[in-house]
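Take my numbering: the last position of the sequence shown gets the number 320, and nothing is skipped along the way.
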Amino acid sequence: MEAVKATAEKICRFEVQGARNTAIAAVKTLQMLAQQSEAKNKIEFLTNLSQAQQLLFNTRETEPLMRNALHYIIDQVQQSSIQNVHELCTLLVVGADKFLSELDASREHTAEIGAKHIQNGITIFTHCHSSTATRMLTKAKQDGKNFRVICTETRPAFQGRITAREMIENGIETTFIVDSAAQTFIPKADLVIVGADAITHEGNVVNKIGTSGLAILAYEARKPFYVVSELLKFDPITSYNALEGIEQRNPAEVWKESPKELDVRNPAFDVTPSRYIHGLICEKGIIPLKNMPEIMQQFYPWLYKQSSPNLHVNQKTP
């Protein structure tokens, strides 16, 4: 369990960034726990897994990809008729490897689909850092497309710098701006592309704070606004009228030595309504977000097996 606690602390301290990286770290930690387990029977083994799952769930409010991954892997163990702990460990490790492999494949497929729709000579505006979105842009460049990228610095953690470095390293002409310059630069772009941390039953998208404002600016400037994401960032609890939680980060990230009397707020994400989003670029194609429930039931019905509005505490966007 020490390895699980160590990973949980890294996630909390933001040493592990991004929904995808967080999910991968959690899955690999679960594998390690299983391999080191001293459980004497299936009940003890499942208890250890459940404890680890809860520790990891508590690290981040807005991480449906991680929750979906752990639910999927642990459910395979729960539903198995196997009783031998060693065999259960093997089942979990193999299942986790399969999940991670399919997650990689979904990102590559998403990148291929999105890259085909990037045209020569266009300018793309993006916000924060999404490994799936940057993979799509890199794939388009590798396919011989020439285009420009405008990316925000993305305060307070400056994830936009990660995007900027990746773009430059891949030979993509990039302009880097402060967040407050978005209204000036969006009219210069041809489209806006962002990632997602969560997708709701209604087709709304939870992403880095500032995304919803960019969507409105894009709408006013008549610029297409697309979200690039694996479908597994869908949060099934929102199917039960539960709100997607919005993580509140440490105020010190905004102002380390602020006046004691000052109320500093640091929500990590905001919610972009589906009406501002032209489409979701995902492993199944480019789909309208209003069709999310049908799409998820068709391709990932297992998501609903253990879904409950009590899985984690939900809080309203501040």
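For every residue, glycine included, the Cβ atom is placed at its ideal position computed from N, Cα and C.
Reduced DSSP secondary structure (H/G/I, E/B, other) of residue i
i, result
"ARG69", "helix"
"GLN144", "helix"
"TYR228", "strand"
"ARG150", "strand"
"ILE120", "coil"
"LEU234", "helix"
"ASP272", "strand"
"LEU305", "helix"
"THR61", "coil"
"VAL194", "strand"
"ALA135", "helix"
"PHE178", "strand"
"ASN316", "At ASN316 the pLDDT is 37, less than 50, meaning the model places this residue with poor confidence and gives no usable figure here."
"GLY281", "strand"
"THR128", "strand"
"GLY215", "helix"
"VAL256", "coil"
Beta-carbon gap between residue i and residue j smaller than 8 Å
i, j, result
"ALA36", "VAL96", "no"
"HIS2", "GLU285", "In the structure as shown, the chain starts at 3 and stops at 320, and residue 2 therefore has no counterpart that could be examined."
"HIS129", "LYS210", "yes"
"LEU67", "ALA25", "yes"
"PHE149", "GLY123", "yes"
"THR176", "ILE170", "yes"
"ALA135", "VAL196", "yes"
"ALA184", "SER231", "no"
"LEU90", "VAL79", "yes"
"CYS153", "ALA142", "no"
"ILE115", "ILE248", "no"
Supposed contact pair residue j and residue i - C-beta distance, whole angstroms, cut 8 Å
i, j, result
"VAL194", "ILE201", "Not a contact, Cβ separation roughly 17 Å."
"LEU305", "PRO238", "5 Å"
"SER338", "VAL151", "Within the shown structure, residues of the chain are numbered from 3 to 320, placing residue 338 beyond reach of any answer."
"MET326", "GLY205", "In the structure displayed, the chain extends from 3 to 320; residue 326 sits before or after that span and is not available."
"GLN53", "GLN161", "The Cβ separation is near 31 Å, so there is no contact."
"PHE127", "ALA217", "At roughly 11 Å, the Cβ-Cβ gap does not stay under 8 Å, so PHE127 and ALA217 are not in contact."
Cβ neighbours of residue i in the same chain (closer than 7 Å, five flanking residues each side left out)
i, result
"ALA5", "THR31, MET34 and LEU35"
"PHE298", "Note that residue 298 is Met in the sequence shown, not Phe. Answer for MET298: LEU233, PHE236 and LEU305, listed in chain order."
"PRO290", "GLY281"
Sequence-distant residues of its chain with Cβ nearer than 6 Å to residue i (five each side left out)
i, result
"PRO226", "LEU193 and HIS280"
"THR9", "ALA27 and THR31"
"SER108", "GLU232 and GLU285"
"ARG251", "ASN268 and ALA270"
Residue environment, residue i, which counts as buried when at least 16 other CB atoms sit within 10 Å
i, result
"GLN300", "exposed"
"ILE45", "exposed"
"SER241", "buried"
"MET3", "exposed"
"GLN55", "buried"
"ARG62", "buried"
"THR156", "buried"
"LEU264", "exposed"
Residue i CB to nearest heavy atom of the ligand PLP below 7 Å
i, result
"ALA41", "For the ligand PLP, the structure offers nothing, since it holds no ligand at all."
Cβ-based neighbour list, residue i, same chain, cut-off 8 Å, excluding 5 preceding and 5 following
i, result
"LEU101", "Per the sequence presented here, residue 101 reads as Phe, with Leu not at that position. If we look at PHE101 and ignore the five residues flanking it on each side, its Cβ neighbours are VAL29, ALA71, TYR74 and ILE75."
Cutoff 8 Å: residue i Cβ touching any chain D Cβ
i, result
"LEU32", "Although the question refers to chain D, the structure presented lacks it and comprises just one protein chain."
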